[in-house]
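Enquirer:
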Amino acid sequence: MQQNPNSRPASGYPYPNPYPNPPQQSNANPFPPNANPYQNHNSSYAPHHHHNPRAILIRRLFIASMVFLLILGLILVLYFGLVRPQLPYAYINSLSLSNFNVSNNHLTGNWDLQLRFQNPNSKMSLYYNTVFCTLYYNRASLSETRLQPFDQGKKDETPINATLSVSRTYVEPRLADSIGKERAAKGSVEFDLRMTSSVTFRYGVYRRRRYVTVYCYDVLVGVPANSSSGNMVGSGKRCKSF
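Residues 6 to 247 in our numbering are what the sequence shown spells out, letter by letter.
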């Protein structure tokens, strides 16, 4: 009897595997080293950095301003360290009083002053723009005058004459009584003098203006009760500048 070629053997052996050597799955990383598996490599989705021209301009202006302020500060430090501007000195050399009279709360008198201004700066010249001179008694203003402007060179001294006068000017009763008592007790009266001016300090092309106030305190004038004239007691004195 002929055997069927398609018949399978009836045995206990397993059916042979048609793929005896299946491909082995590799455990290696499918992505290249240092690669981000979630990175989108599509160039159309790459972020674009837009710089704001206004912000760049503001930043550059700020930097330029800071540099300018720094340079200006260094210049000022060097300037004040080398030049060292000083306030002018003022002296009252003499004072004469004439036609002085206080009666019925009215004051009359002429005060003739000899002043001297000195520039202590060796590198700066000064310009005095209108000097105001005021005479006081017990902080009450009695008379005021205005002096003409003048220049001062380095280390210069300038003499100035000034006259203050009043004619039957009303004063408060307490002031009139105080002047009368002071004359009777000491034979003299103390006055105060104040001078103010806008002074320009000049060094080359540099100009700086500031207000200067000069006080001459307790200027003692000998004028007895039975006299209408007198002079400053003692020698000249230096006033205080602010």
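From the three backbone atoms N, C-alpha and C, an ideal C-beta is built for every residue, glycine too.
Using a C-beta cutoff of 8 Å, does Lys159 count as contacting chain B?
Expert: In the structure shown, chain B does not exist; there is a single protein chain.
Enquirer: How about Leu147 and Val136: do their beta carbons lie closer than 8 Å?
Expert: Contact: no.
Enquirer: Along the alpha helix (DSSP H) that carries Ser183, what are the first and last residues, could you check?
Expert: 178 to 191
Enquirer: Starting from the C-beta of Leu112, find all residues in its chain whose C-beta is less than 6 Å away, skip the five residues before and the five after it, and write them out in chain order.
Expert: Val171, Thr174, Val176
Enquirer: In its own chain, which residues sit with a C-beta less than 6 Å from the C-beta of Val219, not counting the 5 before and 5 after it?
Expert: Ala95, Met200, Cys244, Ser246
Enquirer: Decide yes or no for the touch test of the segment 217 to 237 against the segment 189 to 203: beta carbon pairs closer than 8 Å, at least 3 of them.
Expert: The answer is yes - the segment 189 to 203 touches the segment 217 to 237, with three or more Cβ pairs under 8 Å.
Enquirer: Spatial neighbours of Met6 within its chain, please: C-beta separation below 6 Å, excluding the five flanking residues on both sides.
Expert: Low confidence applies here, because Met6 scores a pLDDT of 47, under 50, leaving its location unreliable; read the following figure in that light. Within the same chain, Met6 has no close Cβ partners at all.
Enquirer: So for Leu140, helix, strand or coil by DSSP?
Expert: strand
Enquirer: Pull up the distance between the alpha-carbon of Leu140 and that of Leu62, whole angstroms please.
Expert: 59 Å
Enquirer: Can you give the Cα-Cα distance for Pro125 and Cys221, rounded to whole angstroms?
Expert: 18 Å
Enquirer: Would Ser203 and Asn134 qualify as a contact pair, given that the criterion is a beta-carbon distance under 8 Å?
Expert: yes
Enquirer: Beta carbon of Pro164, beta carbon of Arg121: below 8 Å?
Expert: yes
Enquirer: Kindly identify the DSSP beta-bridge partner or partners of Thr205.
Expert: Thr205 is bridged by DSSP to Tyr132, Arg214.
Enquirer: Less than 8 Å between the beta carbons of Ile97 and Leu225, yes or no?
Expert: no
Enquirer: Relative to the C-alpha of Asn143, which residue among Phe105, Arg179, Arg212, Val82 is closest?
Expert: Arg179
Enquirer: If you count every other CB in all the chains shown that lies within 10 Å of the CB of Ala167, and 16 or more means buried, which is it?
Expert: Label assigned to Ala167: buried.
Enquirer: Ile249 bridges to which residues according to DSSP?
Expert: Look at the range of the chain in this structure, 6 to 247, and you will see that residue 249 is not part of it.
Enquirer: Leu102 to Leu77, Cα distance in whole Å?
Expert: 52 Å
Enquirer: Please list, in chain order, all residues of the same chain as Tyr132 whose beta carbon is under 6 Å from its beta carbon, the five residues on each side excluded.
Expert: Asp156, Thr205
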